[in-house]
Amino acid sequence: MNSQKLDLLQGTLDLLVLQTLNAMGSLHGYGIARRIEQVSGDLILLNQGTIYASLVRLQQRGWISAKWGISDNNRKAKFYSITPSGRKQLAEETSNWERVAAVIGRVLSSSGGTAQ
Amino acid sequence: MSGRIRELWRRLFSPWRARALEEEFDEELACHIEMAIEDHVRAGMSAEEARRRALVRLGGQTQARETHREAWGYTWLDSLCDDVRYVLRAYRKLPGFALAVVAILALGIGSVTAIFSAIDQVVFQKPFPHYERLALFGSHSATLHAFVANSYPVQIVPCMERGKSFEAFAIKHWQYGFINAGVDTYGVSSGSVNREYFSVLNGKAALGRLFRPEEFTAAASSVMVLQHQFWKDYFAGDPGVIGRSVVVDNRHYRIVGVLSHTFPHSGLFPSDVFMPLVLGQDPAESEGTCVLETIARLRPGVSMAQANAEAALLGAAPHASQRFRDQYAQSPMQLRSLADSTRFPHFSSIHGALLGAVGFLFAIACINAVDLVLVRYSERRRELGIRSALGGSRSRMSRLIFTESFILNLAAGLLGLCLAWVMKPLILRTLAHSDAMLENAACLDARTLVITLGVSLLSMGLVALIPAWKLPIRDPQIILRESGNACSESRWLRRTRASLVVACAAMAMVLLTGTGLMTRSVRKLLLVDRGFDARGRIAMFIDLPRHLQEPLARQIFADRIEARLRQVPGIRNVGESDTIPLLNSGQKIIPGPEGSPTMVSANYVSPGFFRGMGLKLLQGRWLPSRPEGSGGVMVINESMAEKWFGKQNPIGRKIRIAQRTSWVVLGVVSDFRVDIRSKSVQPQYYFPSWQIVYPRRALSLLLDFSVEPSPALLQSVRKIIHQVEPLAGVRTPVDLEKEAHRAINKERFTLGILGALSAVSTLLAAFGLFSVTSYSVSLRMKDVGIRLALGASARHVFVSVLGRGVALGICGIGLGLSASWILTRHIRSLLYEISPLDPMVYVTTALLMLAAVCSACWIPAHKAARTDPSRLLRME
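Those protein sequence lines, which keep their order, are chains A and B.
Read in order, the letters of the first sequence correspond to residues 82 to 197 in our numbering.
Read in order, the letters of the second sequence correspond to residues 122 to 997 in our numbering.
What follows is the structure, encoded as structure tokens:
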């Protein structure tokens with residue numbers, strides 16, 4: 082489809098979901114998927130089914146919790162929200178991500194790109 | 122937090138909840154798709170196109186479901202299964218390790234289970250349901266100064282008819298009679314019992330049946346149930362007795378059943394045979410001459426005091442004769458809880474000692490298992506390091522350790538249960554005070570299973586915790602850098618193992634000391650001088666038929682039997698007495714030296730009794746075999762002479778034995794002791810059997826054999842008695858030596874169990890030391906080789922290896938001796954005439970332990986010394 086579509090690195094989807102929930106509060110699966118796509122300026126086109134696998138993983142680790150509720154347009158939907166330990170994990174992962182990104186950036190920007 | 126726990130719960134049961142989860146997800150998915158469609162429609166797509174786009178973006182419903190299910194997965198369970206598979210695969214390669222650990226743990230778990238559940242059964246479990254609600258009827262006897270469990274129909278019938286406190290009654294009318302089944306006459310105590318008797322007291326038939334309701338009428342009551350022991354004695358355990366006809370006191374009965382060996386229960390008065398009781402037939406019942414033994418089961422919620430008040434009121438018997446009511450006014454009817462009046466074993470020092478000992482054994486077993494597991498993990502530390510370097514978290518690896526411990530302990534628990542199943546009956550035999558206790562001995566009940574489970578969980582925790590805590594994965598780099606040679610034993614491992622070995626040796630030492638003390642104590646008990654030798658002494662009880670019960674007839678019969686038996690080769694002496702030492706005693710209250718009532722032992726004897734018992738004449742002369750004058754005569758024992766006359770000569774003095782009766786002392790004989798633990802001996806007097814004036818129903822003989830009293834010899838004695846009097850009922854002879862041993866059985870059996878526990882503990886401790894020493898030798902093989910190559914003597918190597926092991930052993934011994942010094946005072950009450958700090962025992966057991974320690978280190982030291990340096994160095 083879109084040749085500009087970005088492939089997500091393994092494990093980053095979880096991070097994105099966590100961050101989304103952290104920013105938006107309580108949200109259902111479709112909402113999370115849409116939000117990620119919007120924020121990325123539609124550069125990331127998710128296979129939306131994978132969102133649910135990510136949600137299950139995060140739930141199993143106790144980083145998010147789920148509850149059935151009523152959506153804006155009066156529909157029954159499952160709402161997810163971040164837990165305190167999820168917030169802690171998010172902070173940790175974010176700083177980790179930044180460090181890794183910085184290192185990789187440095188390596189890639191060094192001349193030649195060959196190993197010493 | 123609760124969210125996490127819920128989560129864990131959810132995950133644990135996810136396989137079972139899979140359907141529910143999938144349905145829930147379908148709902149969520151449907152919701153997702155509809156929302157997406159709505160969005161697309163709002164953006165201007167047709168409904169059909171919107172739906173297509175929504176599904177495409179989702180990546181297909183089936184795929185979404187698949188990934189969801191995978192994510193939910195059984196990740197937790199999966200990794201557990203992985204661990205289990207991994208551990209089992211490892212054990213298949215190392216069966217020796219797994220077997221050793223399982224065997225050691227099973228030994229610990231099995232012993233603890235057996236002893237715990239035996240003590241639980243003896244101390245905390247009641248023999249049958251509602252036991253605590255049973256009450257015994259009786260009254261306080263002014264003459265005996267004690268509660269006497271006698272009651273009378275005139276008292277009991279009103280209680281049965283109008284009593285509101287009672288649920289059911291077990292009534293027995295006790296009588297003495299003679300039974301004849303065609304061969305021998307036997308004196309029996311027969312009990313006529315009411316309809317509910319066996320149901321209240323939990324009597325069950327081992328053969329045949331118990332009474333039917335219609336047999337409790339005068340016409341149908343000629344049926345009989347035999348008590349188990351009597352059936353074995355009199356009928357030689359013949360299963361064909363059912364349906365046979367027997368005569369008891371001229372009345373014919375048909376045998377319908379034999380009771381199980383667990384009846385009668387402890388504390389209940391035994392009867393040999395049982396018949397149905399039909400009350401209201403005998404006019405003597407109102408006279409208070411028909412004595413009953415009555416047990417009532419109180420209604421639930423009725424207190425003993427309430428029942429007591431009601432019994433006293435209803436038991437006043439307004440319809441009884443005046444004489445009976447006068448007597449009743451002196452001692453009204455009372456109730457006594459059966460659980461109180463029977464001696465229930467309370468938690469005592471024996472139980473404490475056994476629990477302590479088995480606790481030590483358990484600890485030693487666990488420590489040994491921990492030690493083996495530690496070594497294994499140490500050998501695997503490279504692998505663990507790699508796992509940890511590849512991202513295996515500490516908790517993930519701890520989980521592996523717990524899984525391994527779980528598998529080992531599961532196997533050990535099952536094996537331990539089998540062990541407990543074998544051991545429990547043996548232990549129960551020691552602790553149980555009655556056969557009833559043995560009823561459930563063989564089966565392992567739910568309580569036993571719970572105990573095993575608890576013990577296994579405990580050992581699982583112990584075996585997992587230390588390795589998990591001490592696991593060398595702190596820094597994988599260090600481990601990985603250790604290069605290929607794993608010859609250096611890491612310091613933490615060496616130290617941990619050394620302290621474990623020392624702890625084992627110390628605990629084994631405590632057990633050995635305890636066993637040593639018990640051994641000496643039991644040996645002292647065995648050597649106690651009772652004042653007579655029980656060896657070769659046989660007691661024989663003969664029930665006399667009616668025509669031989671009068672004093673004169675009885676005397677003539679006794680003389681004839683004694684004379685005949687004295688001619689039997691192998692019999693040295695024959696004597697008659699109304700009581701036989703160790704079996705019974707004739708207690709009597711007489712006016713003491715200062716006139717106050719004093720309890721003494723009074724026996725009539727034939728002259729042969731003194732010689733038969735081997736008593737020594739200290740002063741005066743023996744009792745004469747014929748009356749010599751008109752007055753009564755007696756021989757007294759040392760204690761009585763001492764108490765009545767002090768240092769004065771008692772010969773020829775008179776002792777009052779009743780208000781108006783005094784007898785002349787002819788001689789003083791040596792004391793003998795029945796209770797070997799008591800320091801003092803009861804005053805005792807003997808009088809000639811020709812002096813008795815009341816009819817007697819039985820004759821007890823004491824036979825002193827110069828040869829081993831074989832069954833054939835005893836059979837010939839029986840035959841001779843029957844030649845003299847065919848109707849005489851000869852009971853099974855009793856070996857006094859066995860009775861003497863029985864008196865200290867409690868100590869002997871406890872010693873047996875303690876001995877076994879401490880032997881196993883010592884072996885385990887030695888095994889631990891052996892494994893530690895040989896492991897370090899195997900790791901230092903290269904060092905040893907180099908040292909030998911450089912000229913160290915084999916002897917030197919041997920001593921250095923041995924020295925290290927023995928040093929650890931000595932640490933343990935020292936620690937164990939100090940612990941014994943503190944702990945053994947708790948078994949003081951089990952020890953007879955020996956201090957818990959007996960130096961002899963401490964030295965002997967320490968030497969024994971040292972020997973065990975030395976032999977454990979000997980083999981590895983020997984192996985080290987015989988290393989061939991050239992071969993070792995060539996191997997590099």
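All C-beta atoms, glycine included, are put in the ideal place defined by N, C-alpha and C.
Predicted model, so just to flag it, every value in this text is computed and none were measured.
Presumed contact (8 Å Cβ cut-off) between L872(B) and T634(B), rounded CB distance
For the purposes of this step, residue 872(B) is taken as the residue at position 751 of the second sequence. For the purposes of this step, residue 634(B) is taken as the residue at position 513 of the second sequence. Incorrect: roughly 13 Å between the Cβ atoms, too far for contact.
Going by C-alpha to C-alpha distance, which of M755(B), V275(B), R658(B), V881(B) sits closest to Q443(B)? Within the second sequence, residue 443(B) is the residue found at index 322, counting from 1. Closest by alpha carbon: V275(B).
- With C-beta atoms as the reference, is I772(B) less than 7 Å away from Y806(B)? The residue you call residue 772(B) lines up with position 651 of the second sequence. The residue you call residue 806(B) lines up with position 685 of the second sequence. Contact: no.
query = What residue from L108(A), S166(A), N103(A) has the CA that sits closest to F160(A)'s CA?
reply = Stepping through the first sequence from its first residue, residue 160(A) is reached at position 79. Measuring from the Cα of F160(A), the nearest candidate turns out to be L108(A).
| Which residue from R375(B), L969(B), R908(B), T383(B) puts its Cα closest to that of M396(B)? | Position 275 of the second sequence, counted from the first residue, corresponds to residue 396(B). It is R375(B).
- Following the continuous alpha helix (DSSP H) through K353(B), name the residue where it begins and the one where it ends. Numbered from its first residue, the second sequence carries residue 353(B) at position 232. Element bounds for K353(B): 349 to 356.
| query | What did DSSP end up calling I154(B) once you bin it into helix, strand or coil? | reply | Counted from its first residue, the second sequence places residue 154(B) at position 33. Three-state result, I154(B): helix.
Below 8 Å on C-beta distance, what does K169(A) contact in chain B?
Residue 169(A) sits at position 88 when you count from the first residue of the first sequence. Here the premise fails: no neighbours, minimum Cβ distance about 13 Å.
- Item | Any 3 or more C-beta pairs closer than 8 Å across the stretch 522 to 533 of chain B and the stretch 198 to 208 of chain B | yes
Give the straight-line distance between the Cα atoms of F351(B) and A533(B), rounded to the nearest whole angstrom.
Along the second sequence, read from residue 1 onward, the residue named residue 351(B) stands at position 230. Along the second sequence, read from residue 1 onward, the residue named residue 533(B) stands at position 412. The alpha-carbon atoms of F351(B) and A533(B) are separated by roughly 44 Å.
Item to complete: Kindly list, in the order they appear in chain B, the residues whose Cβ is closer than 8 Å to that of V120(A).
Response: Here residue 120(A) is taken as the residue at index 39 of the first sequence, counted from 1. Residues of chain B passing the Cβ test: none, with the nearest at roughly 16 Å.
- Compare the C-alpha of L665(B) against each of D959(B), L822(B), V479(B) and name the closest. Locating residue 665(B) in the second sequence gives position 544, counting from the first residue. Nearest C-alpha to L665(B): L822(B).
**OP:** With 9 Å as the C-beta to C-beta threshold (strictly closer), list the residues of the stretch 143 to 156 of chain B near chain A in chain order.
**Re:** E145, F146, E148, E149, L150, C152, H153, I154, E155, M156
message = Counting C-beta neighbours from all protein chains within 10 Å, is the total for P960(B) 16 or more, i.e. buried, or is it exposed?
response = In the second sequence, residue 960(B) corresponds to position 839, counting from 1. It counts as exposed.
ask   = Which residues bound the alpha helix (DSSP H) around P274(B)?
value = Position 153 of the second sequence, counting from 1, holds the residue named residue 274(B). Element bounds for P274(B): 274 to 283.
- Do S311(B) and G298(B) have their CB atoms nearer than 7 Å? The sequence position of residue 311(B) within the second sequence is 190, counting from 1. The sequence position of residue 298(B) within the second sequence is 177, counting from 1. Cβ atoms of S311(B) and G298(B): closer than 7 Å.
Q.
Taking its Cβ as the centre, do 16 or more other Cβ atoms sit within 10 Å of H668(B), making it buried, or is it exposed?
A. What you label residue 668(B) is simply residue 547 of the second sequence in a count that begins at 1. H668(B) is exposed by the Cβ-count criterion.
- prompt: Is the CB-CB distance between T636(B) and L875(B) below 7 Å?
  reply: In the second sequence, counting from the first residue as 1, residue 636(B) sits at position 515. In the second sequence, counting from the first residue as 1, residue 875(B) sits at position 754. Yes, the Cβ-Cβ distance between T636(B) and L875(B) is below 7 Å.
**Asked** Closest Cβ-Cβ distance between N128(A) and chain B: below 7 Å?
**Response** For the purposes of this step, residue 128(A) is identified with residue 47 of the first sequence, where counting begins at 1. So, interface residue.
Pair every Cβ in the stretch 427 to 440 of chain B with every Cβ in the stretch 913 to 920 of chain B, then say whether three or more of these pairs are closer than 8 Å.
no
| What does E191(B) reach in chain A if we use C-beta pairs closer than 8 Å? | Residue numbering aside, residue 191(B) sits at position 70 when the second sequence is read from its first letter. Residues of chain A passing the Cβ test: A134.
* To do: Return no unless some Cβ of chain B is closer than 7 Å to the Cβ of K159(A).
  => Position 78 of the first sequence, counted from the first residue, corresponds to residue 159(A). Interface residue, yes.
Taking Cβ positions only, does G889(B) come closer than 7 Å to chain A?
Your numbering for residue 889(B) matches position 768 in the second sequence. G889(B) does not count as touching chain A.
So A178(B) contacts chain A; which residues on that side make the cut at Cβ distance below 7 Å? Within the second sequence, numbered from 1, the residue matching residue 178(B) stands at position 57. Checking the displayed sequence, the identity of residue 178(B) turns out to be Arg instead of Ala. By Cβ distance, chain A contributes Q129.
Excluding the 5 residues flanking H983(B) on each side, which residues of the same chain have their C-beta closer than 8 Å to its C-beta?
Position 862 of the second sequence, counted from the start, is the residue given in the question as residue 983(B). Within the same chain, H983(B) has close Cβ partners F919.
### Straight-line Cα distance separating S516(B) from I154(B)
As a working note, residue 154(B) is residue 33 in the second sequence. As a working note, residue 516(B) is residue 395 in the second sequence. When rounded, the distance between both Cα atoms is 40 Å.
A171(B): contacting residues in chain A (beta-carbon distance under 9 Å)
Translated into positions along the second sequence, residue 171(B) becomes position 50. By Cβ distance, chain A contributes nothing, its closest Cβ being about 14 Å from A171(B), past 9 Å.
Could you check whether the Cβ of V188(A) sits closer than 7 Å to any Cβ belonging to chain B? Position 107 of the first sequence, counted from the start, is the residue given in the question as residue 188(A). Taking Cβ atoms only, chain B never reaches closer than 7 Å to V188(A), which makes this a no.
So which residues on chain B does G106(A) lean against when the C-beta distance must stay under 9 Å?
-> The residue labelled residue 106(A) in the question sits at position 25 within the first sequence. Near G106(A) there are no residues of chain B at all, since even the closest Cβ is about 17 Å away, more than 9 Å.
Burial state of V571(B), where buried means 16 or more other Cβ atoms lie within 10 Å: Translated into positions along the second sequence, residue 571(B) becomes position 450. V571(B) is exposed by the Cβ-count criterion.
- Task: Decide if E431(B) is buried, meaning its Cβ has at least 16 other Cβ atoms within 10 Å, or exposed.
- Result: Translated into positions along the second sequence, residue 431(B) becomes position 310. The residue in question, E431(B), is buried, as its Cβ has 16 or more Cβ neighbours within 10 Å.
Open item on the list: Does N154(A) pass the burial test, meaning 16 or more other C-beta atoms within 10 Å, or should it be called exposed?
Closed with: Here residue 154(A) refers to the residue found at position 73 of the first sequence. With fewer than 16 other Cβ atoms within 10 Å, it is exposed.
- If you draw a straight line from the alpha carbon of S706(B) to that of H862(B), how long is it in whole angstroms? Translated into the one-based positions of the second sequence, residue 706(B) becomes position 585. Translated into the one-based positions of the second sequence, residue 862(B) becomes position 741. Whole-angstrom Cα-Cα distance: 18 Å.
*Decide yes or no for the touch test of the stretch 233 to 247 of chain B against the stretch 538 to 553 of chain B: beta carbon pairs closer than 8 Å, at least 3 of them.*
yes
Proximity of I692(B) and F826(B) at Cβ, strictly below 7 Å:
Here residue 692(B) refers to the residue found at position 571 when the second sequence is read from its first residue. Here residue 826(B) refers to the residue found at position 705 when the second sequence is read from its first residue. Yes, these two residues count as a Cβ contact at 7 Å.
Tell me which residues share the same chain as V848(B) and place their Cβ nearer than 7 Å to its Cβ, disregarding the 5 neighbours each side in the sequence.
Counting from one through the second sequence, the residue named residue 848(B) turns up at place 727. Inspection of the sequence shows that residue 848(B) is occupied by Leu rather than by Val. If we look at L848(B) and ignore the five residues flanking it on each side, its Cβ neighbours are T306, P666.
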